[in-house]
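What follows is a short report on a single structure.
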Amino acid sequence: MNKIAAVIPAYNAENYIKNVINAVQRQNIDVIVVDDGSIDGTLAVIKKETPYFLTHSVNTGKGSALRDGFKYAVQRGYDLVITLDSDGQHNPDEIPNFIEKIQTDALGMVIGNRMHEPKGMPFQRVLVNKLYSKILTGMCKTDLPDPLCGYRIYRMELVKQLNLTANGYEVVIESILEAVGKGFKIGAIDIECIYGDQKSYIRPLRDAVRTFRLMFTRSKNQ
2 MNKIAAVIPA
12 YNAENYIKNV
22 INAVQRQNID
32 VIVVDDGSID
42 GTLAVIKKET
52 PYFLTHSVNT
62 GKGSALRDGF
72 KYAVQRGYDL
82 VITLDSDGQH
92 NPDEIPNFIE
102 KIQTDALGMV
112 IGNRMHEPKG
122 MPFQRVLVNK
132 LYSKILTGMC
142 KTDLPDPLCG
152 YRIYRMELVK
162 QLNLTANGYE
172 VVIESILEAV
182 GKGFKIGAID
192 IECIYGDQKS
202 YIRPLRDAVR
212 TFRLMFTRSK
222 NQ
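Per my numbering, numbering of the sequence shown is gapless, rising by one per residue and ending at 223.
Laid out in structure tokens, this is it:
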């Protein structure tokens, strides 16, 4: 039986993180939360809900939080690692579908796909996602309908080989390029698209520049 953990980067998510942790735990999965320098009550909530957590004294970015969470998961000997957001935009009830997909198709990573029905997703985000999808599908020679989605499952063999350097949101692209570069297959699974009143910490221009720079550098080195 696989030993599974969910790694959740969290920043100023005190209004959502308890429900997310509890919903994941109902799937009989350990929850590792990385509090990335929150200045609200996020850390206090985390401490009450899970014994597995890490803290950053200042906000360092999603990539940095994921790296630390992955390292912690490796140390604890998990077989599969799920990543999802702390603000309730991912439905933990879909976790069994990810587990079945990665095991049945012998994949290294499975990425959630919201683009089959992107209801509620801002129009600008839909266009950006489609652009990244077209570029990365060509670069990686594999179908990547929603490469910006952070709801994923990773096989531990892949996690151990990831050489992630990005500190920010561009890590979602870097992890794909790393996986493909190391010979792992990536699949996708349709998930619910959830958008509410959550505050986004994505900075479109800055993150786009970083992401395109990363993709350009990787394409030159291939």
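For each residue, glycine too, the CB sits at the ideal point set by N, CA and C.
Checklist entry - Can you round the beta-carbon distance between I192 and N92 to whole angstroms, since I take them to be within the 8 Å contact cut? => result 7 Å
If you follow the alpha helix (DSSP H) that I103 is in, where does it begin and where does it stop? 96-105
Going by Cα to Cα distance, which pick from D86, V111, E158, H57 is closest to V8? D86
Limits of the alpha helix (DSSP H) - the one that G188 falls within
Unbroken run through G188 is the beta strand (DSSP E), 187-191; no alpha helix (DSSP H).
request  = Work out the CA separation of I103 and M1 for me, nearest whole Å.
outcome  = Missing from the structure shown is residue 1; the chain here goes from 2 to 223 and no further.
| task | If I'm right that G109 touches K161 with Cβ under 8 Å, what's the distance once you round it to whole angstroms? | result | In fact, because the Cβ distance is near 11 Å, the residues do not count as touching under 8 Å.
Worksheet item: alpha helix (DSSP H) containing L81: first to last residue?
Response: Taken as a continuous stretch (DSSP letters only), L81 belongs to no alpha helix (DSSP H), being part of the beta strand (DSSP E) at 81-84.
Assuming A45 is part of the alpha helix (DSSP H), what are its boundary residues? 43-50
_Tell me which residues share the same chain as K183 and place their Cβ nearer than 6 Å to its Cβ, disregarding the 5 neighbours each side in the sequence._
Q162
Requested in this report: Kindly say whether P93, judged by its beta-carbon, lies nearer than 8 Å to any beta-carbon of chain B.
Outcome: No chain B is present in this structure, which holds just one protein chain.
**Study point:** Close Cβ partners of S176 (< 7 Å) along its chain, the five nearest in sequence each way excluded
**Key:** L163, L165
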